[in-house]
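A.B. asks: In our numbering, the protein residues as written are 5 to 380.
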């Protein structure tokens, strides 16, 4: 039992140290509120969509509403075998610099079931410009998004930007919002300190020639990971990557509406971890998983009446709750939110349950269902 207590203390110190480092890094790195655009480069914006008729009009309209010369960017929409009116609605918008292409017209057999990666590759080969800006079809982009991301790309080979999950006032919706904010802080810290590298294709810019080099040297059969594997390859090749901490670059997207859809989304994300080839991030993720596992196991033991495990669970959870609280109360205002002290313990407990459950599922299951497909 003493060993369990010692491990609980060590894991608590580790978790608190990581979260504190993310918090301090977020505070000390000043956000870019206004960017005086030095240059306005030509840029190709790519969007891969599958059955997004509910979102595609708002997404494309938000891009065209950007304060950026229309003759200096193009939008390439790849319709990934949609069975709804995605392409029809996009075409009806009458956007002059929009091209709608269909993945069914492209031979993507070498990608296996990695349809989004195939769509990304197809779009980039069709792109007229050397700079690529990417977002998802269910996202809304701010007015100065193109300008800020292209400006940031002038000093880096790949730039990833902030994402805000929006929704209603339900517990599930708010939990996704705050969980995502923690992810953004961790992403920012990892890139800033040159320790670990993550990105999200919903808000990412990179050089076309470097992507093509990456595409020639990497397998693309994993269904997910078009963003994460690219940024890690960029770093390994010695190219500079950056996280743009700017409110003018925050891309917004809605959260999942049900536990089942959230499960499918997060299982898809979890499968990407198998493709990590950096020992540092594997250690970090493994240690954080074990920390949360300790919380759940010790908590279960405490409920069963084990007094020693109660103290372990108490120490672990208090450390997590306080660390999360101090981090998210600093990050939330950047995204226009407020992290409540009253509800924060419930969000922290839900996060521990989520980490353990999805972690085990990601290790056990290879196949998952996403947008009407079973992929691996």
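All residues carry an ideal CB built from backbone N, CA and C; glycine is no exception.
Every value quoted in this text rests on a predicted model; they were computed, and no experiment measured them.
Please state the DSSP three-state secondary structure of residue 240.
C.D. replies: Looking up residue 240 in the chain shown gives position 236. Three-state result, residue 240: helix.
A.B. asks: Ends of the beta strand (DSSP E) at residue 246?
C.D. replies: Locating residue 246 in the chain shown gives position 242, where the first residue counts as 1. 245-247 is the extent of the beta strand (DSSP E) around residue 246.
A.B. asks: Just checking, does the segment 162-171 make contact with the segment 252-269 on the three C-beta pairs under 8 Å criterion?
C.D. replies: Segments in contact, yes.
A.B. asks: Hey, residue 144 and residue 63: beta-carbon distance below 8 Å or not?
C.D. replies: Translated into the one-based positions of the chain shown, residue 144 becomes position 140. Translated into the one-based positions of the chain shown, residue 63 becomes position 59. Contact flag set, yes.
A.B. asks: Considering residue 284, what are the terminal residues of the alpha helix (DSSP H) in which it resides?
C.D. replies: Position 280 of the chain shown, counted from the start, is the residue given in the question as residue 284. That run of the alpha helix (DSSP H) goes 283-307.
A.B. asks: So residue 22 is in the alpha helix (DSSP H); what residue range does that whole segment cover?
C.D. replies: As a first step, residue 22 is located in the chain shown; it is residue number 18 there, counting from the start. Residues 6-32.
A.B. asks: Which two residues bound the contiguous alpha helix (DSSP H) that contains residue 322?
C.D. replies: Looking up residue 322 in the chain shown gives position 318. Where residue 322 is concerned, the enclosing alpha helix (DSSP H) stretches over 311-335.
A.B. asks: Output the distance between the C-alpha atoms of residue 241 and residue 325, rounded to the nearest integer angstrom.
C.D. replies: Residue numbering aside, residue 241 sits at position 237 when the chain shown is read from its first letter. Residue numbering aside, residue 325 sits at position 321 when the chain shown is read from its first letter. One C-alpha to the other measures close to 38 Å.
A.B. asks: Is DSSP giving residue 341 helix, strand or coil here?
C.D. replies: Locating residue 341 in the chain shown gives position 337, counting from the first residue. Residue 341 falls in the coil class under three-state DSSP.
A.B. asks: At 3 residues or longer, and completely inside the segment 42-127: list those beta strand (DSSP E) runs for me, N to C.
C.D. replies: Whole beta strand (DSSP E) segments, 3+ residues: 47-53, 77-83 and 102-106.
A.B. asks: Closer than 8 Å by C-beta to residue 295: which residues in its own chain qualify, once you throw out the five before and the five after it? Chain order, please.
C.D. replies: Position 291 of the chain shown, counting from 1, holds the residue named residue 295. The answer, listed in chain order, is 15, 16, 18, 19, 320 and 324.
A.B. asks: Taking the alpha-carbon positions, what's the residue 88 to residue 82 distance?
C.D. replies: Here the question's residue 88 lines up with position 84 in the chain shown. Here the question's residue 82 lines up with position 78 in the chain shown. Each residue's Cα considered, the two are about 14 Å apart.
A.B. asks: Keeping to the same chain, check which residues put their C-beta closer than 6 Å to that of residue 72; ignore five residues upstream and five downstream.
C.D. replies: Working through the chain shown from its first residue, we reach residue 72 at position 68. For residue 72, where only same-chain residues beyond five positions count, the Cβ hits under 6 Å are 150 and 151.
A.B. asks: How close, in whole Å, do the beta carbons of residue 238 and residue 214 come, if the pair is a contact with beta carbons under 8 Å?
C.D. replies: Here residue 238 refers to the residue found at position 234 when the chain shown is read from its first residue. Here residue 214 refers to the residue found at position 210 when the chain shown is read from its first residue. So it is a contact: roughly 7 Å between Cβ atoms.
A.B. asks: At what residue ranges does the segment 134-193 contain a whole run of the alpha helix (DSSP H), taking only runs of 4 or more?
C.D. replies: You should have 149-157.
A.B. asks: Should residue 386 go down as buried or exposed, given a rule of 16 or more other Cβ atoms within 10 Å for buried?
C.D. replies: Coverage of the chain is limited to positions 5 through 380, which leaves residue 386 absent and any answer about it impossible.
A.B. asks: Nearest to residue 216 by CA position, among 131, 109 and 47, is which residue?
C.D. replies: Sequence index remark: in the chain shown, residue 216 carries index 212 (1-based). For residue 216, the nearest C-alpha among the options comes from 131.
A.B. asks: Throw me the rounded Cβ distance for the residue 181 and residue 341 pair, which I believe falls under 8 Å.
C.D. replies: Translated into positions along the chain shown, residue 181 becomes position 177. Translated into positions along the chain shown, residue 341 becomes position 337. Correct: roughly 6 Å between the Cβ atoms.
A.B. asks: Between the C-alpha atoms of residue 30 and residue 318, what's the straight-line distance to the nearest angstrom?
C.D. replies: Taking the first residue of the chain shown as position 1, residue 30 is located at position 26. Taking the first residue of the chain shown as position 1, residue 318 is located at position 314. When rounded, the distance between both Cα atoms is 28 Å.
A.B. asks: DSSP state of residue 275, grouped into three classes?
C.D. replies: For this step, residue 275 is matched to residue 271 along the chain shown. In the structure shown, residue 275 sits in a helix (DSSP, three-state: H, G or I).
A.B. asks: Whose CA, out of 178, 175, 232 and 207, lies closest to the CA of residue 194?
C.D. replies: By one-based count along the chain shown, residue 194 stands at place 190. Of the listed residues, the one whose Cα sits closest to residue 194 is 232.
A.B. asks: Do residue 127 and residue 50 come within 8 Å of each other at the CB atom, strictly closer than that value?
C.D. replies: By 1-based counting over the chain shown, the position of residue 50 is 46. By 1-based counting over the chain shown, the position of residue 127 is 123. Cβ atoms of residue 50 and residue 127: closer than 8 Å.
A.B. asks: Mapping the DSSP letters down to three states, classify residue 354 as helix, strand or coil.
C.D. replies: Within the chain shown, residue 354 is the residue found at index 350, counting from 1. DSSP places residue 354 in helix when its eight states are reduced to three.
A.B. asks: On the DSSP bridge list, what partners appear for residue 258?
C.D. replies: For the purposes of this step, residue 258 is taken as residue 254 along the chain shown, with counting starting at 1. In the DSSP output, where bridge partners are listed per residue, residue 258 has 170.
A.B. asks: On the DSSP letters alone, give me the boundaries of the alpha helix (DSSP H) that residue 219 sits inside.
C.D. replies: For the purposes of this step, residue 219 is identified with residue 215 of the chain shown, where counting begins at 1. Residue 219 -> alpha helix (DSSP H) spans 212-221.
A.B. asks: Which residues in the same chain have their Cβ closer than 7 Å to the Cβ of residue 247, if we skip the five residues on either side of it in sequence?
C.D. replies: Taking the first residue of the chain shown as position 1, residue 247 is located at position 243. Excluding positions up to five away in sequence, the list reads 164, 191, 192, 195 and 196.
A.B. asks: Rounded to the nearest angstrom, what separates residue 85 and residue 298 at their Cα positions?
C.D. replies: Taking the chain shown and counting its residues from 1, one reaches residue 85 at position 81. Taking the chain shown and counting its residues from 1, one reaches residue 298 at position 294. Rounded to whole angstroms, residue 85 to residue 298 spans 43 Å at the Cα level.
A.B. asks: Quick one: grab the DSSP three-state call for residue 253.
C.D. replies: As a position in the chain shown, residue 253 is number 249, starting the count at 1. Helix.
A.B. asks: Of the residues 189, 208, 222 and 133, which one's Cα is nearest the Cα of residue 46?
C.D. replies: In the chain shown, counting from the first residue as 1, residue 46 sits at position 42. Out of 189, 208, 222 and 133, 133 has the C-alpha closest to the C-alpha of residue 46.
A.B. asks: Assign residue 202 to one of two classes, buried (16 or more other C-beta atoms within 10 Å of its C-beta) or exposed (fewer than that).
C.D. replies: In the chain shown, residue 202 corresponds to position 198, counting from 1. Buried, by the Cβ-count rule.
A.B. asks: On the premise that residue 67 lies in contact with residue 79, defined as a C-beta separation below 8 Å, what is that separation, rounded to the nearest angstrom?
C.D. replies: Working through the chain shown from its first residue, we reach residue 79 at position 75. Working through the chain shown from its first residue, we reach residue 67 at position 63. 6 Å between Cβ atoms; contact.
A.B. asks: Does the Cβ-Cβ distance between residue 212 and residue 135 come in under 8 Å?
C.D. replies: Your numbering for residue 212 matches position 208 in the chain shown. Your numbering for residue 135 matches position 131 in the chain shown. Yes, the Cβ-Cβ distance between residue 212 and residue 135 is below 8 Å.
A.B. asks: Quick check on residue 92: buried or exposed, where buried means 16 or more other Cβ atoms within 10 Å of its Cβ?
C.D. replies: As a working mapping, residue 92 is identified with position 88 in the chain shown. Counting Cβ neighbours within 10 Å, residue 92 comes out exposed, since fewer than 16 surround it.
A.B. asks: Below 8 Å on the Cβ atoms is my contact criterion, and I expect residue 293 with residue 363 to pass it. Report the Cβ-Cβ distance as a whole number of Å.
C.D. replies: Sequence index remark: in the chain shown, residue 293 carries index 289 (1-based). Sequence index remark: in the chain shown, residue 363 carries index 359 (1-based). The Cβ separation is near 5 Å, so the contact holds.
A.B. asks: Quick check: what's the CA-CA separation for residue 304 versus residue 179?
C.D. replies: Taking the chain shown and counting its residues from 1, the one referred to as residue 304 is at position 300. Taking the chain shown and counting its residues from 1, the one referred to as residue 179 is at position 175. Spanning the two alpha carbons is a distance of roughly 23 Å.
A.B. asks: Between residue 35 and residue 209, what straight-line distance do the alpha-carbon atoms span, to the nearest angstrom?
C.D. replies: Your numbering for residue 35 matches position 31 in the chain shown. Your numbering for residue 209 matches position 205 in the chain shown. So the two alpha carbons sit approximately 18 Å from each other.
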